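Reviewing the structure listed below.
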Amino acid sequence: LLVDAMLLELWQQKGVDKRITSHAAAEEVFKAIGQLEEMSPLVIRDEYAKRGLPAEWDMTKADIVSRLTKVLIWERLPIADLKRECAQFHVAAAGLKSKSEPE
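Residues 1058 to 1160 (the working numbering) are what the sequence shown spells out, left to right.
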């Protein structure tokens, strides 16, 4: 129980959203964030572009890591949480699927 609490705190410090309830999904996001942070600015910009995200000329590496972290989290949120977040930002949520839940 103590180990779980320590892992949860570590994951949240790294940017893993507390709504990710699966330990496996949280660990995946944690590792992916670490990989993003280790990438060179050129490589991370390429990773950002591969995702089809809008580029802005003045984006820093930290901005890109932050945005990609959000994407990683959105991909693993329970679908109900993802739909609520979409509604909050007035984004259509039809057809959304979560990597953390079976279909």
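A virtual CB, placed ideally from N, CA and C, is assigned to each residue, including glycine.
Because the structure is a prediction, the values reported are computed rather than measured.
Of the residues the options, which one's Cα is nearest the Cα of residue i?
{"i": "Lys1075", "options": "Arg1133, Tyr1105, Ala1089, Trp1114", "result": "Arg1133"}
{"i": "Glu1084", "options": "Met1096, Ala1106, Leu1110, Leu1129", "result": "Leu1129"}
{"i": "Met1096", "options": "Glu1113, Ser1079, Ile1121", "result": "Ile1121"}
{"i": "Trp1131", "options": "Asp1103, Ala1081, Glu1104, Leu1153", "result": "Leu1153"}
Would you identify the three-state DSSP class for residue i, choosing helix, strand or coil?
{"i": "Ala1089", "result": "helix"}
{"i": "Thr1117", "result": "coil"}
{"i": "Asp1074", "result": "coil"}
{"i": "Ser1097", "result": "coil"}
So, is residue i buried or exposed, given that buried needs 16 or more other C-beta atoms within 10 angstroms?
{"i": "Phe1087", "result": "buried"}
{"i": "Leu1093", "result": "buried"}
With a CB to CB cut of under 7 Å and the five nearest residues on each side skipped, what residues in its chain are close to residue i?
{"i": "Lys1162", "result": "In the structure as shown, the chain begins at 1058 and stops at 1160. Residue 1162 is therefore absent and cannot be evaluated."}
Who are the near neighbours of residue i in its chain, counting only those whose CB is closer than 8 Å to its CB and skipping five residues on each side?
{"i": "Arg1108", "result": "Leu1125, Val1128"}
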